[in-house]
Amino acid sequence: MSTIVCTFTGWLQVRLATNPDPPDETRGVSGYTFALPGEPDLDRILRTSDPVAPRTHGPSIGLAVRTVTVDGAGAAKHPLVGAQVDLLSDPIFESVNDVVMTQGIEALEPFDLRLARDRFALRRRDYLDLAYPDATVYTVPPALLAARRTAVFSYDASIMREATGGGDAVAFRKRRLAILEADLPSTRDPAARAGLQRRISELRIDDPQDHRTTSMHFIETRTYALDGPTSLADPDGWLPGLDTTAPFAVRLVMGSWDADALSAYATGTITLTTREAAA
Amino acid sequence: MLTRAAIATVLAEPPIAPIASREDLIDALGRAAELEHAIMCQYLYAAFSLDFTAPELAPEDSETVRGFMAQLLLIARQEMEHLGIVSNLLIAVGAPPNFDRPNLPIPPFYYQLELPLALLPFGDVFLREADRLEAPCAEPEPHPPLPYYPSIAAVYDRIRDGLATLGAPGAPTAATLFLGAGDPQLTNASFGATPNQVWYDIELLGVTDYASAVAAIDLIRVQGEGSRRGDADSHYGRVAAIRAAWDAMPEAARAAAVRPVPVNPMTSDRGDVDRHAPRCVLRDPRAVALARLGSRAYELMLLMLARQYGANDATPADRDMYRDVAFFPLMTAVVRPVAQILAELPAGDGAHAAAFTFELDGPIRTYPDRATFHVQIVERLTHLADGFAALAADDTMPPRLGFVAKNVGYLRRRLVDYVAANPTGATPPAAARATEEGR
Numbered sequence: 000m001s002t003i004v005c006t007f008t009g010w011l012q013v014r015l016a017t018n019p020d021p022p023d024e025t026r027g028v029s030g031y032t033f034a035l036p037g038e039p040d041l042d043r044i045l046r047t048s049d050p051v052a053p054r055t056h057g058p059s060i061g062l063a064v065r066t067v068t069v070d071g072a073g074a075a076k077h078p079l080v081g082a083q084v085d086l087l088s089d090p091i092f093e094s095v096n097d098v099v100m101t102q103g104i105e106a107l108e109p110f111d112l113r114l115a116r117d118r119f120a121l122r123r124r125d126y127l128d129l130a131y132p133d134a135t136v137y138t139v140p141p142a143l144l145a146a147r148r149t150a151v152f153s154y155d156a157s158i159m160r161e162a163t164g165g166g167d168a169v170a171f172r173k174r175r176l177a178i179l180e181a182d183l184p185s186t187r188d189p190a191a192r193a194g195l196q197r198r199i200s201e202l203r204i205d206d207p208q209d210h211r212t213t214s215m216h217f218i219e220t221r222t223y224a225l226d227g228p229t230s231l232a233d234p235d236g237w238l239p240g241l242d243t244t245a246p247f248a249v250r251l252v253m254g255s256w257d258a259d260a261l262s263a264y265a266t267g268t269i270t271l272t273t274r275e276a277a278a
Numbered sequence: 000m001l002t003r004a005a006i007a008t009v010l011a012e013p014p015i016a017p018i019a020s021r022e023d024l025i026d027a028l029g030r031a032a033e034l035e036h037a038i039m040c041q042y043l044y045a046a047f048s049l050d051f052t053a054p055e056l057a058p059e060d061s062e063t064v065r066g067f068m069a070q071l072l073l074i075a076r077q078e079m080e081h082l083g084i085v086s087n088l089l090i091a092v093g094a095p096p097n098f099d100r101p102n103l104p105i106p107p108f109y110y111q112l113e114l115p116l117a118l119l120p121f122g123d124v125f126l127r128e129a130d131r132l133e134a135p136c137a138e139p140e141p142h143p144p145l146p147y148y149p150s151i152a153a154v155y156d157r158i159r160d161g162l163a164t165l166g167a168p169g170a171p172t173a174a175t176l177f178l179g180a181g182d183p184q185l186t187n188a189s190f191g192a193t194p195n196q197v198w199y200d201i202e203l204l205g206v207t208d209y210a211s212a213v214a215a216i217d218l219i220r221v222q223g224e225g226s227r228r229g230d231a232d233s234h235y236g237r238v239a240a241i242r243a244a245w246d247a248m249p250e251a252a253r254a255a256a257v258r259p260v261p262v263n264p265m266t267s268d269r270g271d272v273d274r275h276a277p278r279c280v281l282r283d284p285r286a287v288a289l290a291r292l293g294s295r296a297y298e299l300m301l302l303m304l305a306r307q308y309g310a311n312d313a314t315p316a317d318r319d320m321y322r323d324v325a326f327f328p329l330m331t332a333v334v335r336p337v338a339q340i341l342a343e344l345p346a347g348d349g350a351h352a353a354a355f356t357f358e359l360d361g362p363i364r365t366y367p368d369r370a371t372f373h374v375q376i377v378e379r380l381t382h383l384a385d386g387f388a389a390l391a392a393d394d395t396m397p398p399r400l401g402f403v404a405k406n407v408g409y410l411r412r413r414l415v416d417y418v419a420a421n422p423t424g425a426t427p428p429a430a431a432r433a434t435e436e437g438r
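Chains as they are written, first to last, in numbering that gives the first Met the number 0: chain A, 0 to 278; chain B, 0 to 438.
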């Protein structure tokens, strides 16, 4: 029996309105995130690939396995290194402006994870209530929701440093501002220009206590136990004897929220157990 | 517009007396609370009348109009802040908060103030009135006593002078004026903000003594009514910037940017408003039903706010619950979406879109005990949940209403669970039964 831990990192996109806008605000008004002219409506969906209307100079969206350990030992040549990690089924942050859960520690739901590379694909979901697969945050008992889905919120620059190489949020925004201002003279398209001007005006808000800046140091940590049916395509035997009777443990840490690019950095682990010794 | 005769009548009245006692101060703060509340409604109404997504708008104009809406909502939040600060002042001097106010439109000089208080759609008329409302003035300075307030700044000047008379070091009543200073107030810290952190553009200052009371009054004056000329972050500066941008917009864009909402909408031809002002009684049954539900949700929010302030039998957990339901859920996930949905419905008069009416059908009271209050908030949320669900089931209503209905239903469930999990030993049997029936 082997324990395989895949550590992944990367950037994801979340196009959502921010407080004090309503949770279903589609364009953004009184918060600090917006659908710019020419962009589709905000939809709150967390995307790990195929970003919608990605912003110029934002990070590339995608999560991938960076390292693998087998029984605690590094396995640099493990075939899952480089595998793509995706969250499927359109997950959204389900605070609903504190109607359902407190903001910052709210559920990210549904949690349906896929690990894929070449012909290999592994998919499994953490159901709120396995007995009721269609259950949502609105239908499960609040106590169960809180027990299964409450995140841990913390505030420091560690994730931002890992993501960007620096922890100074004001300086980060200032650098982005300079880049966008340099783009402005050559931006002729009316919609693109109006959107760029909106981004610039937002980045010019440089109060270090403003949410635009402080949110770069927000860190949300979630843990999951993927307990649903397992879908596995492993023609080359990368995970021999994968134990699907027990839940897969997943840890997901998000931070370095880049409000200008509607993107956040994520890092985490997926822990798998095989009944046979892993290659 | 006032006639010469009306002005002469007002001027013939005796001048407003200075504040000389605690009851004078409480009365003045109570009126200030109502003024801030009414002004907040004015800004919200104008903001909700804007449509920056109108397809006729060029991208640049759309962004300009979105900026107008954001600025008006910011000013409205700061009017809420002023209401919150005045509430803290009331608590500090030993009075309950005042979340009541007359329905709009309010007659001229109702508050001895020659300023219109009405629900106006965004446009030239609204901007002219907002400009007057936020007119800058110098630092507080002596002026001859008048029978009316020449500006809102003058309302606060009188309160500031009264605080000095009653509470300044050396004043005979200084030691006893702030007898409620230890009672619960709402400040930015109540929302988890660090000291001096501005929270969604608001800075709720606590009041515990003369110095903090004066600082609170000065914040209201400088930020809002009575700002200094040239301060771009004051309400006057913000309104001036909006006006300049509005004046520069093409006429067609101006026409497209504002929804055809009426002046002073209401759900019935009520008698408790200025009958000389233009009014629009909503006729479309769906609009009337939704506007009434929206006002009830807003009223519930005010009732929960009122229980947050001052000494009462609310436990710390109760106060957290009131805050956690009133602020984000009711304000941002119910009241504002309902206001925006209403603007998509016809008023029923053949000319206008419907709009949020901000009507209050009864005074906003501060309920004295948690047992009966909790029964009533569950009842109110049950009525709201049932009402929104019924309206959302009408497939001619905008689909967004379904999300509101779902959220109100969930809030009701949360409240029922909370009340069941946090009983009071003093719960009268009838109240306990009523709570059980609400489950």
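For each residue, glycine too, the CB sits at the ideal point set by N, CA and C.
Practice item. Would you mind stating whether Ile-201(B) and Glu-80(B) have Cβ atoms separated by less than 8 Å? Key: Counted from its first residue, the second sequence places residue 201(B) at position 202. Counted from its first residue, the second sequence places residue 80(B) at position 81. Yes; because the gap between Cβ atoms is below 8 Å, this pair is in contact.
Exercise for review: Scan the region 398–418 of chain B for residues whose Cβ lies nearer than 7 Å to a Cβ of chain A and list them as they occur along the chain.
Suggested key: Arg-399, Phe-402, Lys-405, Asn-406, Tyr-409, Leu-410, Arg-413 and Asp-416
Review point. Hey, how far is the Cα of Ile-44(A) from the Cα of Ala-153(B)?
Key: Along the first sequence, one-based indexing puts residue 44(A) at 45. Along the second sequence, one-based indexing puts residue 153(B) at 154. If I take the Cα positions, the gap works out to 50 Å.
Check your understanding: Under 8 Å between C-beta atoms, does Tyr-199(B) make it to chain E?
Key -> The structure shown has no chain E; the protein chains it does contain are A and B.
**Study point:** Bounding residues of the beta strand (DSSP E) (the contiguous stretch that carries Glu-219(A))
**Key:** Position 220 of the first sequence holds residue 219(A). Unbroken beta strand (DSSP E) run through Glu-219(A): 217–225.
Review point. Once you ignore the five residues that flank Tyr-199(B) on each side, which residues in its own chain have a CB closer than 8 Å to its CB?
Key: Taking the first residue of the second sequence as position 1, residue 199(B) is located at position 200. Once the five neighbours on either side are set aside, the close Cβ partners of Tyr-199(B) are Arg-76.
Check your understanding: Are the C-beta of Phe-121(B) and some C-beta of chain A separated by less than 8 Å?
Key -> For this step, residue 121(B) is matched to residue 122 along the second sequence. Not an interface residue.
Check your understanding: Does any CB atom of chain B fall closer than 8 Å to the CB of Ser-214(A)?
Key -> Along the first sequence, read from residue 1 onward, the residue named residue 214(A) stands at position 215. Not an interface residue.
Practice item. Following the continuous alpha helix (DSSP H) through Met-68(B), name the residue where it begins and the one where it ends. Key: For the purposes of this step, residue 68(B) is taken as the residue at position 69 of the second sequence. That run of the alpha helix (DSSP H) goes 58–91.
Check your understanding: Any contact of the region 330–338 of chain B with the region 396–410 of chain B, i.e. 3+ C-beta pairs under 8 Å?
Key -> yes
Review point. What is the rounded straight-line gap between the Cα of Leu-414(B) and the Cα of Tyr-137(A)?
Key: Taking the second sequence and counting its residues from 1, the one referred to as residue 414(B) is at position 415. Taking the first sequence and counting its residues from 1, the one referred to as residue 137(A) is at position 138. Whole-angstrom Cα-Cα distance: 14 Å.
Point to revise | Cβ neighbour criterion (16 or more within 10 Å) applied to Ser-200(A) | key: For the purposes of this step, residue 200(A) is taken as the residue at position 201 of the first sequence. So Ser-200(A) ends up on the exposed side.
Check your understanding: If we cut at 8 Å on Cβ distances, does Thr-52(B) have a partner in chain A?
Key -> As a position in the second sequence, residue 52(B) is number 53, starting the count at 1. So, interface residue.
Review point. For Ser-48(A), which three-state DSSP category applies?
Key: Counting from one through the first sequence, the residue named residue 48(A) turns up at place 49. If DSSP states are grouped into helix, strand and coil, Ser-48(A) belongs with coil.
Check your understanding: At least one CB of chain A closer than 8 Å to the CB of Arg-438(B): is that the case?
Key -> For the purposes of this step, residue 438(B) is identified with residue 439 of the second sequence, where counting begins at 1. Bear in mind that a pLDDT of 47 at Arg-438(B), under 50, signals an unreliable position, so the number given afterwards is only what the model happens to contain. So no, Arg-438(B) is outside the interface.
Check your understanding: Does DSSP put Leu-299(B) in a helix, in a strand, or in coil?
Key -> Start at 1 with the first residue of the second sequence, and residue 299(B) comes out as number 300. Helix, per DSSP.
Check your understanding: Rounded C-beta distance between Arg-198(A) and Leu-225(A)? I'm assuming under 8 Å.
Key -> Position 199 of the first sequence holds residue 198(A). Position 226 of the first sequence holds residue 225(A). Rounded, the Cβ-Cβ distance is 37 Å, inconsistent with contact.
Practice item. Check whether the Cβ atoms of Pro-53(A) and Trp-10(A) lie closer than 8 Å to each other. Key: Working through the first sequence from its first residue, we reach residue 53(A) at position 54. Working through the first sequence from its first residue, we reach residue 10(A) at position 11. No, Cβ-Cβ distance for Pro-53(A) and Trp-10(A) is not below 8 Å.
Exercise for review: Could you tell me how far apart the beta carbons of Ala-192(B) and Asp-283(B) are, in whole angstroms, since I believe they sit closer than 8 Å?
Suggested key: For the purposes of this step, residue 192(B) is taken as residue 193 along the second sequence, with counting starting at 1. For the purposes of this step, residue 283(B) is taken as residue 284 along the second sequence, with counting starting at 1. 42 Å between Cβ atoms; not a contact.
Review point. Which of the residues in the region 183–199 of chain A, read from start to end, lie with their CB under 8 Å from any CB of chain B?
Key: Pro-189, Ala-190, Arg-192, Ala-193, Gly-194, Gln-196 and Arg-197
**Study point:** Residue environment, Gly-179(B), which counts as buried when at least 16 other CB atoms sit within 10 Å
**Key:** Here residue 179(B) corresponds to residue number 180 of the second sequence, with the count starting at 1. It counts as buried.
Exercise for review: Determine, using beta carbons only, whether Met-0(B) comes closer than 8 Å to chain A.
Suggested key: Here residue 0(B) refers to the residue found at position 1 when the second sequence is read from its first residue. Per-residue confidence for Met-0(B) stands at a pLDDT of 48, beneath the threshold of 50, marking its modelled position as unreliable; the derived number appears in the next sentence. Not one chain A Cβ lies under 8 Å of Met-0(B).
Check your understanding: Is the number of C-beta pairs between the region 158–168 of chain B and the region 19–28 of chain B that are closer than 8 Å three or more?
Key -> yes
Check your understanding: Between the C-alpha atoms of Met-39(B) and Glu-78(B), what's the straight-line distance to the nearest angstrom?
Key -> As a first step, residue 39(B) must be located in the second sequence, where it is residue number 40. As a first step, residue 78(B) must be located in the second sequence, where it is residue number 79. Using only the alpha carbons, I get a separation of about 5 Å.
Review point. By Cβ distance below 6 Å, which residues in the same chain neighbour Ser-48(B) in space, the five residues on each side in sequence not counted?
Key: Stepping through the second sequence from its first residue, residue 48(B) is reached at position 49. Counting only Cβ-Cβ distances below 6 Å, and skipping sequence neighbours, we find Pro-120, Phe-121, Val-257, Arg-258 and Val-260.
Exercise for review: Give me the Cβ distance between Ala-162(A) and Ser-48(A), rounded to the nearest whole Å; I'm assuming they're in contact under 8 Å.
Suggested key: Here residue 162(A) is taken as the residue at index 163 of the first sequence, counted from 1. Here residue 48(A) is taken as the residue at index 49 of the first sequence, counted from 1. With 8 Å as the limit, Ala-162(A) and Ser-48(A) do not qualify as a contact, their Cβ atoms being about 18 Å apart.
Review point. Along chain B, in chain order, which residues have C-beta atoms closer than 8 Å to that of Arg-147(A)?
Key: Residue numbering aside, residue 147(A) sits at position 148 when the first sequence is read from its first letter. Correct list: empty, because the minimum Cβ distance to chain B is about 17 Å.
Review point. Can the beta-carbon of Ser-1(A) be found less than 8 Å from the beta-carbon of Val-67(A)?
Key: Along the first sequence, read from residue 1 onward, the residue named residue 1(A) stands at position 2. Along the first sequence, read from residue 1 onward, the residue named residue 67(A) stands at position 68. Against a cut-off of 8 Å, the Cβ pair of Val-67(A) and Ser-1(A) comes out as no contact.
Practice item. Report buried or exposed for Val-151(A), applying the criterion of at least 16 other Cβ atoms within 10 angstroms of its Cβ. Key: Sequence index remark: in the first sequence, residue 151(A) carries index 152 (1-based). Its Cβ having fewer than 16 others within 10 Å, Val-151(A) is exposed.
Practice item. Ignore the nearest five residues each way along the sequence and tell me which others in Thr-365(B)'s own chain have a CB closer than 6 Å to its CB. Key: Translated into positions along the second sequence, residue 365(B) becomes position 366. Pro-95 and Ala-305, listed in sequence order.
Review point. Does the pairing of the region 77–86 of chain A with the region 112–126 of chain A give three or more beta-carbon distances under 8 Å?
Key: yes
Point to revise | 7 Å Cβ shell around Asp-20(A) - same chain, five flanking residues per side excluded | key: What you label residue 20(A) is simply residue 21 of the first sequence in a count that begins at 1. Cβ within range, chain order: Gly-27, Val-28, Ser-29 and Gly-30.
Exercise for review: Give the DSSP-derived three-state secondary structure of Val-80(A) in the structure shown.
Suggested key: Start at 1 with the first residue of the first sequence, and residue 80(A) comes out as number 81. Reduced to three states, the DSSP call for Val-80(A) is coil.
Practice item. Look at the alpha carbon of Arg-438(B) and the alpha carbon of Ala-419(B), and state the distance between them as a whole number of angstroms. Key: Numbered from 1 along the second sequence, position 439 holds the residue referred to as residue 438(B). Numbered from 1 along the second sequence, position 420 holds the residue referred to as residue 419(B). Summary for Arg-438(B): the model assigns pLDDT 47, below 50, so the residue's position carries little reliability, and this model does not support an answer.
**Study point:** Three-state secondary structure (DSSP) of Glu-378(B)
**Key:** Here residue 378(B) corresponds to residue number 379 of the second sequence, with the count starting at 1. It is helical.
Practice item. Flag this pair as yes or no: are the beta carbons of Ala-46(B) and Leu-71(B) separated by less than 8 Å? Key: Along the second sequence, one-based indexing puts residue 46(B) at 47. Along the second sequence, one-based indexing puts residue 71(B) at 72. Yes.
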